[in-house]
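In the working numbering, the protein residues as written are 126 to 264.
For reference, the structure discussed in these notes is given below.
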């Protein structure tokens, strides 16, 4: 019988072993991508606010390069326009300014699929109240 034919194990080291293997993440998968930041839940009228998207592949591995096209859209009265900035490291900064107060939904998608937690319920508050201190000389 030859080696291994009768169930025998024939082991010998390969020249140069052990080998280092780099495992790279697969393409981004919407159902594994996450977003972080207060701006997912609340914002103030006419004030720039932002949050971060973290891209992950279908196995949950964090992506280390950019190039994905995340789309942020809104439904409701606040209806701001969002800008998505690719940071080139698998993260994306989303910035928006709401012109009108109210409750709305924010959808964050990749390839028309919602990311984890999307749609987000967003409350945009009116302008911040000014100081309640009475003017000088007032009683």
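Just so you know, even glycine gets a beta-carbon here, dropped at the ideal spot from N, CA and C.
Nearest residue (CA-CA) to residue i, options the options
i: residue 208; options: 175, 238, 153 and 152; result: 175
i: residue 230; options: 236, 165 and 241; result: 165
i: residue 199; options: 228, 149, 156 and 136; result: 228
i: residue 215; options: 172, 149, 237 and 202; result: 149
i: residue 194; options: 161, 167 and 240; result: 240
i: residue 162; options: 245, 145, 212 and 153; result: 245
i: residue 211; options: 177, 237, 236 and 233; result: 177
i: residue 153; options: 235, 213, 137 and 145; result: 235
i: residue 242; options: 146, 213, 135 and 160; result: 160
Counterpart residues of residue i in DSSP-defined beta bridges
i: residue 175; result: 220
i: residue 248; result: 167 and 228
i: residue 181; result: 187
Collapsed DSSP secondary structure at residue i in the structure displayed
i: residue 164; result: helix
i: residue 140; result: coil
i: residue 256; result: Only weak support exists for where residue 256 lies, its pLDDT of 45 falling under 50; the value from the coordinates is given anyway. DSSP places residue 256 in coil when its eight states are reduced to three.
i: residue 134; result: coil
i: residue 151; result: coil
i: residue 243; result: coil
Near the ligand PLP: residue i beta-carbon under 6 Å from a heavy atom
i: residue 141; result: Among the components of this structure there are no ligands whatsoever, and the ligand PLP is therefore not found.
The stretch 179 to 197 in contact with the stretch 138 to 145 per 3-pair CB rule at 8 Å: Output reads no: the stretch 138 to 145 does not touch the stretch 179 to 197.
Only counting runs of 3 or more residues, tell me where the beta strand (DSSP E) segments fall wholly within the stretch 184 to 241, in order along the chain. Here the runs fully enclosed are 195 to 200, 206 to 211, 216 to 222 and 227 to 235.
Contact the stretch 218 to 226 vs the stretch 179 to 188: 3+ CB pairs below 8 Å: Fewer than three pairs of CB atoms, one per stretch, sit closer than 8 Å, so the stretch 218 to 226 makes no contact with the stretch 179 to 188.
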